[in-house]
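If you read the sequences in order, they're chains A and B.
Number 254 in the numbering used here belongs to position 254 of the first sequence; there are no gaps in the numbering.
Number 79 in the numbering used here belongs to position 79 of the second sequence; there are no gaps in the numbering.
By construction, the Cβ of each residue, glycine as well, lies at the ideal position given by its N, Cα and C atoms.
Okay, structure first, notes after.
There are 2 protein chains.
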Amino acid sequence: VSELRRDPITGRSVIIAPERPFPRTTPVTAGGRDACPFCEGRESIAGRELLAWRPSGSAANGPDWQVRVVPNRVPVLRVESDFAETSDVLLQSLGGLGANEVVIESPRHDASFASMKADDIARVLWVWRERMRDLHRDIRLKSFLVVKSVGRTAGAMLDHPHSQLIALPLVPQHLEDELFGAAAYYRTGRRCAFCDLIAEEKEARLRIVGGDGHTLAVMPFAARVPFETWVLPQAHGAMFEDASDATLAAVAERVRDVVMRLDRVLVSPPYNLLLHTAPRGEMARTCYHWHFEIIPRLESVPGLAWDGGIYINPVAPEEAARAMRAVDSLRA
Amino acid sequence: VSELRRDPITGRSVIIAPERPFPRTTPVTAGGRDACPFCEGRESIAGRELLAWRPSGSAANGPDWQVRVVPNRVPVLRVESDFAETSDVLLQSLGGLGANEVVIESPRHDASFASMKADDIARVLWVWRERMRDLHRDIRLKSFLVVKSVGRTAGAMLDHPHSQLIALPLVPQHLEDELFGAAAYYRTGRRCAFCDLIAEEKEARLRIVGGDGHTLAVMPFAARVPFETWVLPQAHGAMFEDASDATLAAVAERVRDVVMRLDRVLVSPPYNLLLHTAPRGEMARTCYHWHFEIIPRLESVPGLAWDGGIYINPVAPEEAARAMRAVDSLRA
Numbered sequence: 001v002s003e004l005r006r007d008p009i010t011g012r013s014v015i016i017a018p019e020r021p022f023p024r025t026t027p028v029t030a031g032g033r034d035a036c037p038f039c040e041g042r043e044s045i046a047g048r049e050l051l052a053w054r055p056s057g058s059a060a061n062g063p064d065w066q067v068r069v070v071p072n073r074v075p076v077l078r079v080e081s082d083f084a085e086t087s088d089v090l091l092q093s094l095g096g097l098g099a100n101e102v103v104i105e106s107p108r109h110d111a112s113f114a115s116m117k118a119d120d121i122a123r124v125l126w127v128w129r130e131r132m133r134d135l136h137r138d139i140r141l142k143s144f145l146v147v148k149s150v151g152r153t154a155g156a157m158l159d160h161p162h163s164q165l166i167a168l169p170l171v172p173q174h175l176e177d178e179l180f181g182a183a184a185y186y187r188t189g190r191r192c193a194f195c196d197l198i199a200e201e202k203e204a205r206l207r208i209v210g211g212d213g214h215t216l217a218v219m220p221f222a223a224r225v226p227f228e229t230w231v232l233p234q235a236h237g238a239m240f241e242d243a244s245d246a247t248l249a250a251v252a253e254r255v256r257d258v259v260m261r262l263d264r265v266l267v268s269p270p271y272n273l274l275l276h277t278a279p280r281g282e283m284a285r286t287c288y289h290w291h292f293e294i295i296p297r298l299e300s301v302p303g304l305a306w307d308g309g310i311y312i313n314p315v316a317p318e319e320a321a322r323a324m325r326a327v328d329s330l331r332a
Numbered sequence: 001v002s003e004l005r006r007d008p009i010t011g012r013s014v015i016i017a018p019e020r021p022f023p024r025t026t027p028v029t030a031g032g033r034d035a036c037p038f039c040e041g042r043e044s045i046a047g048r049e050l051l052a053w054r055p056s057g058s059a060a061n062g063p064d065w066q067v068r069v070v071p072n073r074v075p076v077l078r079v080e081s082d083f084a085e086t087s088d089v090l091l092q093s094l095g096g097l098g099a100n101e102v103v104i105e106s107p108r109h110d111a112s113f114a115s116m117k118a119d120d121i122a123r124v125l126w127v128w129r130e131r132m133r134d135l136h137r138d139i140r141l142k143s144f145l146v147v148k149s150v151g152r153t154a155g156a157m158l159d160h161p162h163s164q165l166i167a168l169p170l171v172p173q174h175l176e177d178e179l180f181g182a183a184a185y186y187r188t189g190r191r192c193a194f195c196d197l198i199a200e201e202k203e204a205r206l207r208i209v210g211g212d213g214h215t216l217a218v219m220p221f222a223a224r225v226p227f228e229t230w231v232l233p234q235a236h237g238a239m240f241e242d243a244s245d246a247t248l249a250a251v252a253e254r255v256r257d258v259v260m261r262l263d264r265v266l267v268s269p270p271y272n273l274l275l276h277t278a279p280r281g282e283m284a285r286t287c288y289h290w291h292f293e294i295i296p297r298l299e300s301v302p303g304l305a306w307d308g309g310i311y312i313n314p315v316a317p318e319e320a321a322r323a324m325r326a327v328d329s330l331r332a
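Written out as structure tokens, the structure is:
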């Protein structure tokens with residue numbers, strides 16, 4: 001049974017999940033196509049669907065779908081768990097309450113965000129949003145994590161394109177830090193830090209990867225790893241759940257373009273795509289701005305950066321952005 | 001030239017270090033003994049020493065030493081750099097000011113903290129402390145990171161036992177979070193959270209790995225990875241620089257014991273050993289408590305945990321501590 005614990009000093013969240021496989025020093029080879037539980041035709045192995053995009057009106061849990069959501073078979077958190085907060089001041093645990101779903105992003109084993117059409121990616125975003133809206137009805141769930149992992153180094157256990165959706169009964173530390181910083185900025189000038197950042201980056205033109213009237217793909221000034229890229233909607237919005245279909249379509253095209261460029265420049269690197277979205281509540285509405293962070297995982301995280309202390313990045317984001325923009329000329 | 005940048009929203013620190021080698025997807029094999037610049041007899045390759053433990057009174061920069069400190073040949077930060085803070089509110093950079101030294105922990109290529117004597121490890125701790133005391137004279141340097149990396153997965157580029165000492169002109173986010181939590185706890189009861197934690201863990205006896213009258217090795221309640229272990233001096237002290245020789249000797253024996261047990265239980269895992277010590281200033285004196293954190297690196301950091309958001313740990317610290325304590329019976 002899982003348990004969600006908070007570090008007494010830093011507030012870091014850790015899920016103690018004894019049902020998960022014990023990690024091995026030797027990497028497990030990701031399963032091949034023959035054993036893949038996510039391929040079309042193996043719906044009963046993947047599990048009963050919570051939601052699917054079935055354009056042809058095909059029956060649930062059968063083939064002929066484009067995106068499909070199933071519960072994680074070894075969930076790190078469960079909706080049925082008790083919300084049993086311990087009373088100890090130093091050693092706080094929240095039981096294993098939460099939700100953990102797997103989004104199978106394509107029926108095709110070898111699809112990728114670089115090869116998929118923007119419409120296909122928009123459907124994945126649509127599914128994330130719909131599942132989050134549904135889980136929102138459980139008021140015990142406070143925040144969401146959506147993580148897409150590509151490649152073993154990025155933590156993917158299967159090659160078939162998929163992502164994890166996790167709903168938490170608390171706000172994790174990294175999001176709390178972000179909210180705190182955004183709120184402090186807001187208090188000084190009544191402005192969203194992300195909106196100002198978008199304006200400043202568009203003016204500077206040093207770190208921009210791409211954009212249109214609705215979205216911006218930009219490398220952050222303090223990029224933690226080479227080619228870290230953020231994709232932001234230009235219009236202010238704290239919560240991904242509130243994004244319109246039109247915004248999702250524009251963001252999907254921007255994400256596709258970034259991943260395609262990464263694949264060209266870094267030769268299909270492993271990467272994580274992480275959704276950053278405000279937790280439940282009014283506080284963050286004015287000062288937070290949802291976005292995606294794309295983190296290429298070119299090497300194992302070094303000791304110094306292990307706990308988010310200090311990152312050492314050998315590639316300035318200005319140089320990386322230049323290389324990403326140059327992909328256009330290669331296509332001509 | 002390096003540059004220390006702060007993320008505008010979270011305050012995370014990143015060193016942009018274009019002189020560092022560009023990371024590769026394929027891991028570099030750590031150099032063998034024949035090419036090792038840290039072995040005894042190759043002192044001129046390792047660099048001119050800043051400090052060395054030379055019991056025989058041998059001459060500087062020659063052989064016959066037990067611990068030796070040299071500047072990092074490709075430093076991520078430099079003492080000579082300008083402290084040129086940028087004025088932009090959102091995009092802050094501190095130039096590349098700082099220090100980056102390498103501590104060669106033994107003249108022997110295949111030594112390890114598991115096989116070294118406690119006295120040998122105490123000399124390494126002594127050297128860390130002396131270098132920090134010396135660097136403290138530069139008031140621009142605010143905090144220290146000491147990181148020992150063992151194994152490629154943990155970020156080590158060489159097998160020869162060594163550690164990195166980094167002095168920073170700011171307090172990194174993970175330490176700020178820790179200080180903030182410790183200060184909040186102190187305000188409620190005028191007590192050090194770590195001192196209370198030590199008392200509570202000694203009472204519970206669930207997560208203890210080992211200890212004596214002066215030190216405690218304990219697995220944290222919210223352990224982030226399997227077999228994460230903290231080594232704390234039992235007497236309150238915020239700064240490692242102020243530790244006595246006797247404390248260093250006791251802590252060295254405790255660290256040796258933990259690494260020996262990890263080597264037995266996990267079969268010589270890659271790991272990081274990180275020093276957590278208070279930054280310059282009076283604020284932390286009462287509420288912070290220096291300690292070591294030992295982080296086995298059994299697999300690459302998964303996407304969810306990438307930025308310190310949520311860690312998923314498949315081994316409860318109570319189970320891991322039990323396995324570590326059982327090593328005693330194996331020795332009989």
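(request) Please determine, among 64(A), 36(A) and 172(A), the residue with the shortest C-alpha to C-alpha distance to residue 312(B). (result) Considering only alpha carbons, the answer is 172(A).
(request) Starting from residue 193(B), find everything on chain A with Cβ-Cβ shorter than 8 Å and list it in chain order. (result) Per Cβ cutoff of 8 Å: 8, 9 and 90.
(message) Under DSSP, the beta strand (DSSP E) around residue 186(A) begins and ends at which residues?
(response) For residue 186(A), no beta strand (DSSP E) encloses it; the enclosing alpha helix (DSSP H) starts and ends at 173-189.
(request) Compare the C-beta of residue 177(A) against all C-beta atoms of chain B and say whether one is closer than 8 Å. (result) yes
(message) Tell me which residue opens and which closes the beta strand (DSSP E) that residue 145(A) is part of.
(response) 143-150
(message) Quick check: is the beta carbon of residue 5(B) nearer than 8 Å to any beta carbon in chain A?
(response) yes
(message) Here's the rule: buried if 16 or more other CB atoms are within 10 angstroms of the residue's CB, otherwise exposed. What is residue 60(B)?
(response) exposed
(request) On a CA-only basis, which of 197(A), 99(A) and 166(A) is nearest residue 219(A)? Give me that one, please. (result) 197(A)
(request) Taking a Cβ distance cut-off of 8 Å, strictly less, list which residues of the stretch 192-214 of chain B are near chain A, in chain order. (result) 193, 194, 196, 197 and 200
(request) Given a cut-off of 8 Å, decide if residue 145(A) and residue 310(B) are closer than it, judged by their beta-carbon atoms. (result) Yes.
(message) If you reduce the DSSP assignment to three classes, tell me which class residue 112(B) lands in.
(response) coil
(message) Out of 63(A), 70(A) and 39(A), which one is the CA nearest neighbour of residue 47(A)?
(response) 70(A)
(message) Closest to residue 11(B) by C-alpha separation, out of 224(A), 274(A), 295(A) and 314(A), would be which residue?
(response) The residue with the shortest Cα to Cα distance from residue 11(B) is 224(A).
(message) Between which residues of its own chain and residue 247(B) is the CB-CB distance below 6 Å, once the five residues before and five after are set aside?
(response) 233
(request) Could you please tell me which residues of the stretch 226-238 of chain A, in chain order, have their CB closer than 7 Å to any CB of chain B? (result) 226
(request) Using the DSSP secondary-structure output, state which residues sit across from residue 99(A) in a beta bridge. (result) Beta-bridge pairing links residue 99(A) to 167(A).
(message) On the DSSP letters alone, give me the boundaries of the beta strand (DSSP E) that residue 65(A) sits inside.
(response) Where residue 65(A) is concerned, there is no enclosing beta strand (DSSP E), given that its DSSP letter is neither H nor E.
(request) Evaluate contact between the stretch 249-260 of chain B and the stretch 115-134 of chain A, counting only Cβ atoms and requiring at least three cross-stretch pairs below 8 Å. (result) no
(request) Decide if residue 148(A) is buried, meaning its Cβ has at least 16 other Cβ atoms within 10 Å, or exposed. (result) buried
(message) So for residue 127(B), helix, strand or coil by DSSP?
(response) helix
(request) Spatial neighbours of residue 401(A) within its chain, please: CB distance less than 6 Å, with the 5 preceding and 5 following residues excluded, ordered by chain position. (result) Any property of residue 401(A) remains undetermined from this structure, which presents chain A solely from 1 to 332.
(request) Compare the Cα-Cα distances from residue 9(A) to each of 129(B), 314(B), 18(B) and 175(B) and report the closest residue. (result) 175(B)
(request) Kindly list, in the order they appear in chain B, the residues whose Cβ is closer than 7 Å to that of residue 223(A). (result) 14
(request) Starting from the beta carbon of residue 284(B), find every residue of chain A whose beta carbon is closer than 9 Å, and list them in chain order. (result) Residues of chain A passing the Cβ test: none, with the nearest at roughly 12 Å.
(message) 8 Å is my cut-off, CB to CB: does residue 17(A) come that close to chain B?
(response) Against chain B, the CB of residue 17(A) has a partner CB under 8 Å away; the residue lies at that interface.
(request) My understanding is that residue 95(B) touches residue 168(B), with C-beta atoms under 8 Å, so please give their C-beta distance in whole angstroms. (result) With 8 Å as the limit, residue 95(B) and residue 168(B) do not qualify as a contact, their Cβ atoms being about 12 Å apart.
(request) Using a Cβ cut-off of 7 Å, pull out every chain E residue sitting near residue 220(A), in sequence order please. (result) The structure shown contains no chain E; its protein chains are A and B.
(message) Cβ closer than 9 Å: which chain A residues qualify as neighbours of residue 181(B)?
(response) 7, 8, 9, 10 and 11
(request) Just mark residue 188(A) as buried or exposed, buried being the case when its beta carbon has 16 or more other beta carbons within 10 Å. (result) exposed
(request) Consult DSSP for residue 247(A) and reduce its assignment to one of helix, strand or coil. (result) The DSSP-derived three-state label of residue 247(A) is helix.
(message) Suppose you measure from the CA of residue 16(A) to the CA of residue 183(A); what does that come to, to the nearest Å?
(response) One C-alpha to the other measures close to 31 Å.
(message) So residue 69(A) contacts chain B; which residues on that side make the cut at Cβ distance below 8 Å?
(response) Residues of chain B passing the Cβ test: none, with the nearest at roughly 18 Å.
(message) For the stretch 207-215 of chain A against the stretch 274-286 of chain A, do three or more pairs of beta-carbon atoms, one drawn from each stretch, fall closer than 8 Å, so that the two count as touching?
(response) no
(request) Would you kindly check if the distance between the Cβ of residue 243(A) and the Cβ of residue 6(B) is under 8 Å? (result) no
(request) Take the Cβ of residue 74(A) as the centre, count every other Cβ of all protein chains shown within 10 Å, and call the residue buried at 16 or more, exposed below. (result) exposed
(request) Less than 8 Å between the CB atoms is what I'm expecting for residue 179(A) and residue 128(A), so what's the real figure, rounded? (result) Their Cβ separation, rounded to whole angstroms, is 20 Å, which puts residue 179(A) and residue 128(A) out of contact at 8 Å.
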